[in-house]
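Here's the structure, in structure tokens; my notes come after.
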Amino acid sequence: MRYLPHSKKNREAMLATIGVNSIDDLFAEIPESVRVTEGFGLPDHATELEVDRYFRSQSAKNLAASEAAFFVGGGAYRHHVPETVNHLIQRSEFLTAYTPYQPEISQGTLQALFEFQTQVAQLYDMEVANASMYDGSTGTGEAVLMAHRATKRRKAIVSGGVHPQYVEVIENLSDFGSHQVVKLPANPTGVEDIISQLDKETSCVVVQTPNFFGELSDFTKLAEAVHAVKALLIVVVTEVVSLGAVKAPGAMGADIVVGEGQSIGVGLNFGGPYVGLFATTKKLLRQMPGRVCGETVDADGKRGFVLTMSTREQHIRREKATSNICTNAGLCTLAFTIHMSLLGEVGLRKMAMASHNAAVVLAERLAKIDGVEVLNTSFFNEFTVRLTGKNANDIVNQLADDKILAGVPVSRLLPDAGHDELLLIAVTETNSDEDFDRLETALKGAVS
Amino acid sequence: MSADKMNNVGRPSTPNAVASNEAHPTFTGNKALQINEPLLYEVGTPEQTGVDIADPRKATSRLGDLARSEPIGLHGLSEPETMRHYVRLSQKNFAIDSGMYPLGSCTMKHNPRINEKVARLPGFADTHPLQPQHTVQGAFEVIETLADWLMKLTGTEAVAMSPKAGAHGELCGMMAIEAAHRAAGNAGKRTKVLIPESAHGTNPATAVFVGYQVQTIKTREDGTVDPQAIKEAMSDEVAAIMLTNPNTCGLFERDIMEIADIVHAGGAYFYCDGANFNAIMGRAKPGDLGVDAMHINLHKTFSTPHGGGGPGAGPVVLSKALAAFAPVPFAKRDGGNIEMVEHKEGTKSFGRMTAFHGQMGMNTRALSYILSHGQDGIRQAAEDCVLNANYIKASLKDVMSPAFEEQKEGFQRPAMHEALFHDGFLEGTGVSTLDFAKAMIDEGFHPMTMYFPLVVHGAMLIEPTESESKASLDQFIATMRDLTLSAKAGETERFLGAPFYAPMKRMDETLAARKPILKWVPAPQ
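Here the protein sequences line up with chains A and B, keeping their order.
If you read the first sequence in the working numbering, its first letter stands for residue 228, the second for the next number, and so on.
If you read the second sequence in the working numbering, its first letter stands for residue -3, the second for the next number, and so on.
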């Protein structure tokens, strides 16, 4: 087996040093009745060539975005990631290191984390950010729990514009933690009355912009109302590229901003691994979950970075920790930071406008089709259309056979809400005019 | 200089005869390959970019009045500057590829690059979790094949594939347990979870997340859990036990089956922390030991890279009793077609842990690692990691202090995949476990896990993994012996100021925590 260095002779010499006769002696503590002596009916080791062939054949069964006219979003977006990112994150020193527990020999990872935290805080316009969560959805669940700890209340009000699977994560955590969730109905227009729901029991309000249906909102007034009852405003952002074009949640008065970062550096990866971005105010810092990297000096007074504030974390605080989270999204944060460094403010703004303008152009073209109605008043790079009298899910399945991935049928995530006609269409700088032509023609055919 | 030391263009070809061991400060402060690298915000500018993007199409804004008008503050670099910035940063990291990384409990083994290659195939890396299911059957097939291996290796009935890390897997397993109690009509009745004091911190933190109270169980003198202590702690208020096996002391819990029986007889479930599954894979199935739920850290056992602290993945295998409560999404095979069930309605599933399907990129890497090993290689890997740990322990027990073991002659109880020492051998030397670890850095090793498990004073938990050759282990052992003898000989300066040769001297962690600086801010104008 190519990964195992020992020769038979070395194994025997080592057993002799230990003072046992056979390897079985080292497993003698396993009760005899359950020792595995036979195989599992599974294959033996394979060559690298065989492994490569297996995965190629499985990969070929999937329709990759690069082979299709691709408009799928709904919380994960396809942007171009420069090759430099892919190269750098595969440097041995980044890829095969672990959590920087020994800062003197981990400054690469730590400095990159410090840069990451700065970028996230800037994008969200917040005071502090952590070193990442698993993804946007789990980060949102943690944000709600954090608000409960900070306010010592247990009721969350969740907007109908929050990604339905994020809501399910909140509901699940709340169910086991015996916390209350008031969920407003999903509504493509983005118009809802949260303020009348606020009361003295309310710990937090969770809203999203652009929301699940693509609609943009300003939460400044909502923030004031939320703060008036001493609750916290949690703003979710599932498309981080939007922050290159749209007002930041921090500027609206958010207390916690949480979201998905996969658009930058990470890619689609069929749903994971992704990178959860998490930021808050200095005041709430000690309630924040997750790892944090901070600046310090070494014995010579030279600036450097360490993991810090670990007295919030499970390995020190155990059952009193702010979260059970142990890892962060390490290598995905690095990919995010490198891609964002390449973009800079200029590149991010241009990429955001390229995505936005492309979406506007497509929305205007589709709106001219009889039987297609664009529902949004405002949007960034994703909008909702109604395919009058048609089942969006059926149409998406049908178009996929022509290598057009037309978007996310809303009913896939909200099956019982009477949204069968609704389709979410996401557009980025990667879409070509030919993609637009193909989608337009296909939709015309499908709704006629 | 004499002519025979020159080549024919006058280039000197032998070193000058000067005292070359006299270090002098450099103009730049750099030391050859150790090059100082400022922050991105100090080398980049707000105007620079390293990406060429086609000009946006002409369009009328649909952003309403929400356009971002204020500067964001991001800095950028050109592509060559980006490359140099992050390559220089990378050179300040220790990594498995550069040296032995015996970090106990973390299983720092070789990361094969074929895994990286297959994970990047377009059918996995460039597919969307919400595209139609019939267009991603190959991805589902990979998830299902990995699931099949995990169930067979653990002797279990089901596996939840969506948890995103080990601690997330713990949460999943404990939620399945609570869901089972609720389904049995015991909602709110079983409120306690038993956890040995040697457990990972994630265990008690997870139990609290699920609404439980933690009852800590003392570890007995040999480092394992006493079934008698479990018997005494059992009541109809106990929902589960969370036990790590092999445990955090690197020992197999030899009474595990008796413990499982006690827990089950009391109407509770057995959650096993599978962080140390590497030691027993192919030699024992947790399901046979009575385990109801166990997460598997794909980044440890199956070598998806640690990536500087993630991403991980924590699939959870479940016994028959818990299988029905697994979270959505889960796969259902119907002939040649695999359907991913995405909604809990109409099932007994407790709900959703995360958006989408979990860590696909980790699944491909783990399956690549598993297929490369095969069932024979997996068993051999477990044997080799246990052999290596015992070899280290046997080779150091006369000078260091093995935990839970009197220093008697000859072989005693086997360790599993880790060799655990306490700091008794440093007593009176003025050298702490931390100092000792920092001196290891100077010798070119990543230190072992320190001060964990908490039940061992000044703990040093060494996990060599199966990836180390005998030559590598021998060098490690010789180094540890030298350091030990040096400490005992009173050469404290080698330890107290260490590391001397790392890119940084010892870092002030107290300062970092007392005055948190968590991001770069522009200098005041």
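Cβ atoms here follow ideal geometry from the backbone N, Cα and C, with glycine treated the same way.
The three-state reading of DSSP puts B/ILE173 in helix, counting H, G and I together. In the three-state DSSP reduction, A/ALA556 falls in the coil class, being neither helix nor strand. Residues are counted here when their Cβ sits less than 8 Å from a Cβ of chain B; for the stretch 376 to 387 of chain A the count is zero. For B/ALA415, there is no enclosing alpha helix (DSSP H); the residue is found in the beta strand (DSSP E) stretching over 415 to 418. Against A/LEU558, the close residues of chain B are PRO301, GLY303, GLY304, GLY306, PRO307, in the order they occur along the chain (beta-carbon pairs closer than 8 Å). Contact between B/ASP269 and B/HIS196 holds, with the beta-carbon distance rounding to 6 Å and staying under 8 Å. Annotation for B/CYS245: no alpha helix (DSSP H) segment contains it, and DSSP assigns it neither H nor E. Interface with chain B (8 Å Cβ-Cβ cutoff): A/VAL524 is included. The DSSP-derived three-state label of B/HIS130 is helix.
Taking 9 Å as the upper bound on Cβ-Cβ separation, chain A lies near residues PRO323, VAL324, GLU338, HIS339, LYS340, GLU341, PHE346 of the stretch 319 to 346 of chain B. In the three-state DSSP reduction, A/THR436 falls in the coil class, being neither helix nor strand. Legend: CB atoms of the stretch 49 to 70 of chain B lying less than 9 Å from CB atoms of chain A belong to residues ILE49, ALA50, ASP51, PRO52, ARG53, LYS54, ALA55, THR56, SER57, ARG58, LEU59, GLY60, ASP61, LEU62, ALA63, ARG64, SER65, GLU66, PRO67, ILE68, GLY69, LEU70. B/ARG329 and B/TRP145 have their alpha carbons spaced roughly 16 Å apart. Under the criterion of beta carbons closer than 8 Å, A/ASN658 and A/PRO636 do not qualify as touching, at roughly 19 Å. Among the CB atoms of chain A, none fall inside 8 Å of the CB of B/TYR265. Boundaries of the alpha helix (DSSP H) harbouring B/LYS484: 466 to 484, taken from the DSSP string.
Taken atom to atom, the span from the alpha-carbon of A/ASP352 to that of B/ALA351 is near 25 Å. For the pair of segments examined, the stretch 564 to 580 of chain A was found to touch the stretch 37 to 47 of chain B: the number of CB pairs separated by less than 8 Å reaches three.
By alpha-carbon distance to B/ALA411, the top candidate from B/ALA275, B/THR22, B/MET456 is B/ALA275.
When Cβ pairs closer than 8 Å are counted between the two stretches, the stretch 478 to 495 of chain A is seen not to touch the stretch 483 to 494 of chain B, the count staying below three. Counting only residues of its own chain and dropping the five nearest sequence neighbours on each side, A/LEU512 has a CB closer than 6 Å to the CB of VAL355.
Per DSSP, reduced to three states, the secondary structure at B/ALA63 is strand. One alpha carbon belongs to A/LYS427, the other to A/GLU369, and they sit about 21 Å apart.
In the DSSP assignment, B/TYR267 is bridged to B/MET238, B/ALA289. Shortest Cα-Cα distance from B/ARG279 to any of A/ALA255, A/ASN248, A/THR535, A/LEU460 involves A/ALA255. The secondary-structure analysis by DSSP pairs A/ARG613 across a beta bridge with A/GLU600, A/LEU649. The beta-carbon distance between B/SER194 and B/ASN243, rounded to whole angstroms, is 6 Å. This is short enough to meet the 8 Å contact definition. Scanning its chain for C-beta atoms nearer than 7 Å, with the 5 sequence neighbours on each side dropped, one finds around B/HIS413 the residues PRO242, GLY246, ASN272, ASN274, ALA275, CYS381, VAL382, ALA385, GLU459, in chain order. Using a CB distance below 7 Å, the part of the stretch 426 to 459 of chain A facing chain B consists of LEU443, ASP445, ordered along the chain. Within the DSSP bridge table, the entry for B/LYS188 names B/GLN209, B/VAL234 as partners. Here the stretch 609 to 626 of chain A makes contact with the stretch 635 to 651 of chain A; the two share three or more CB pairs at distances below 8 Å.
Residues of the stretch 377 to 399 of chain B that bring their beta carbon within less than 7 Å of a beta carbon in chain A comprise ALA377, GLU379, ASP380, VAL382, LEU383, ASN386, TYR387, ALA390, SER391, in sequence order. Under the criterion of beta carbons closer than 8 Å, A/THR523 and B/LEU507 qualify as touching, at roughly 5 Å. With contacts defined by Cβ atoms closer than 8 Å, B/THR187 and B/ALA235 form a contacting pair. Comparing alpha carbon positions, the residue from B/LEU367, B/MET446, B/ARG409 closest to B/LEU149 is B/LEU367.
With distances taken between CA atoms, B/GLY100 lies nearest to B/ILE388 out of B/ILE388, B/ARG58, B/GLU505.
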